[in-house]
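When the sequence shown is numbered by the working numbering, its final residue is 206 and no position is left out of the sequence of numbers. Note that beta-carbon positions come from the ideal geometry of N, C-alpha and C, so glycine has one too. Predicted model only: the values in this text are computed from it and were never measured.
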Amino acid sequence: MKHLKLPHYLILFRLVLAPIIITLALLLKNESRMAIVILMYLGLFSDIFDGIIARKQNISTEKLRRWDSQVDLVFWIAIALATWIISPSLIKTNRIGLLAIIVMEILCYLISFLKFGKETCTHAFLSKMWGITLLISFTCLIGFNYAGLPFKTSVILGIISQMDVILIILILPKWTHDIPSSYHAYLIRKNIPFKKNKLFNG
């Protein structure tokens, strides 16, 4: 553990939060809502700062980025499971949108594994925007037992962002990480240089 630095611990923190969130939902049900919302925001902050700190410490390696990406997936799955445990009727009512997101996520991973033998790790701009709508949506779902427009918005942007990721995978000539968009994947394919925005490379 001595070789681990702060960004690693922030990612590990988010991974540890996942089972805690599910356990709270199972044991406390409705009484866990506020605690889960707080943990969700703490997880988000850890996600923001691990990338920023990793770049400042010059340790933003492929391994770290892949680890960060997969922990993100585990974290949001835990949030979704907790929502289902606390508000099953709300999830059932909106199951079509949820299924659409799940199918698109599976497709992203399947296509990436079939083409590159690795999981997707794009950290694309639209995926980050989707993360913001997910945060708002789960705040409403867990905190206020409400889906409505926030949930519909997150579903629509989720599908769009996953389509962008699929295009990135299909366009890229070889696997790489941190691709802002399918347009940038096209630039890479054509060997056209571009400068990544550090704000979204984390």
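Can you tell me where the alpha helix (DSSP H) holding Leu103 begins and where it ends? Arg99 to Phe120
When the Cα of Lys9 is compared with those of Tyr45, Leu21 and Gly55, which residue comes out closest? Nearest option by C-alpha distance: Gly55.
Segment limits, alpha helix (DSSP H) that includes Ile146: Note, Ile146: premise wrong, no alpha helix (DSSP H); not H, not E.
Same chain only: Cβ atoms within 6 Å of Pro154, ignoring 5 sequence neighbours per side: Ile140, Ser141 and Cys144
Please go through the same chain and pick out, in chain order, the residues whose beta-carbon is closer than 7 Å to the beta-carbon of Asp168, but skip the five residues on each side of it. Ala128, Leu130, Ser185 and Ser186
Straight-line gap, Ala84 to Tyr13 (C-alpha atoms, nearest Å): 23 Å
Which residues in the same chain have their Cβ closer than 7 Å to the Cβ of Ala29, if we skip the five residues on either side of it in sequence? Ser36, Ile40, Ala86, Ile89 and Ile90
Considering only C-alpha positions, which residue in the set Asn149, Lys96, Ile57 and Ser50 is nearest to Asn34? Asn149
Is the distance from the Cβ of Thr137 to the Cβ of Ile172 below 8 Å? Going by C-beta atoms, Thr137 is not nearer than 8 Å to Ile172.
Specify, as a first and last residue, the run of the alpha helix (DSSP H) that Ser237 falls within. Because the chain here runs from 5 to 206, residue 237 falls outside it and cannot be looked at.
Which term fits Phe79, buried or exposed, when burial requires 16 or more other beta carbons within 10 angstroms of its beta carbon? buried
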